[in-house]
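> When we follow full-length UniProt numbering, the leftmost residue of the sequence shown carries the number 1, and every step to the right adds one. Ideal placement from N, C-alpha and C gives every residue a C-beta, glycine not left out. To start, I am sharing the structure in question, which I have written as structure tokens.
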Amino acid sequence: MTERIYLQHPARGETVEVSTGFSWAAFLLGFIWALMKRMWLVALFMLSADLAIGLIGFAGMTADVISLVLSIAFAVYCGMKANQWYRRDLERKGYVIAPRP
């Protein structure tokens, strides 16, 4: 079950809601999700991994299947870790856990 955590920036007073659990947006959109969240290094990591996995597919018919399986596995991994990455990024920017609004 997904729970929500609220983070607030002390100087700006801005509150951001971060879900815990699986992120369908990150699973389906990949590096575009990270770009939308302004997480540039995560987006670069996701894009690089996607390109590397895609290059495996050029090796032949068996490699296509391996590339597909790796691509799905990587998308699942990103979906599982995305909200943790987002929360960590906000905390690095100075956000702290806030009570529910």
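Which class does Y6 belong to by DSSP, given the choice of helix, strand or coil?
The residue labelled residue 6 in the question sits at position 6 within the sequence shown. Looking at Y6 - three-state DSSP - the assignment turns out to be strand.
> On the premise that T2 lies in contact with G21, defined as a C-beta separation below 8 Å, what is that separation, rounded to the nearest angstrom?
Start at 1 with the first residue of the sequence shown, and residue 21 comes out as number 21. Start at 1 with the first residue of the sequence shown, and residue 2 comes out as number 2. Going by Cβ atoms, the distance from G21 to T2 rounds to 4 Å, so yes, they are a contact pair.
> Going by the beta-carbon positions, is the gap between Y95 and K37 smaller than 7 Å?
Here residue 95 is taken as the residue at index 95 of the sequence shown, counted from 1. Here residue 37 is taken as the residue at index 37 of the sequence shown, counted from 1. Contact: no.
> What does the Cβ neighbour count give for I97, buried or exposed, with the cut at 16 atoms within 10 Å?
As a working mapping, residue 97 is identified with position 97 in the sequence shown. When all chains shown are included, I97 counts as exposed.
> Helix, strand or coil for T62 per DSSP?
Position 62 of the sequence shown, counted from the first residue, corresponds to residue 62. DSSP places T62 in helix when its eight states are reduced to three.
> Alpha carbon to alpha carbon, how far is V42 from L68?
As a working mapping, residue 42 is identified with position 42 in the sequence shown. As a working mapping, residue 68 is identified with position 68 in the sequence shown. Answer to the nearest angstrom: the Cα atoms are 21 Å apart.
> Take D89 and list the residues in its own chain whose beta-carbon comes closer than 7 Å to its own, dropping the five residues that flank it on each side.
Residue mapping note: residue 89 aligns to position 89 of the sequence shown, counting from 1. The residues are M39.
> Which of the three DSSP states, helix, strand or coil, is assigned to E14?
Locating residue 14 in the sequence shown gives position 14, where the first residue counts as 1. Residue state, collapsed to three classes: coil.
> Check whether the Cβ atoms of I72 and A63 lie closer than 7 Å to each other.
In the sequence shown, residue 72 corresponds to position 72, counting from 1. In the sequence shown, residue 63 corresponds to position 63, counting from 1. It is not a contact, given that the beta carbons lie outside the stated cut-off.
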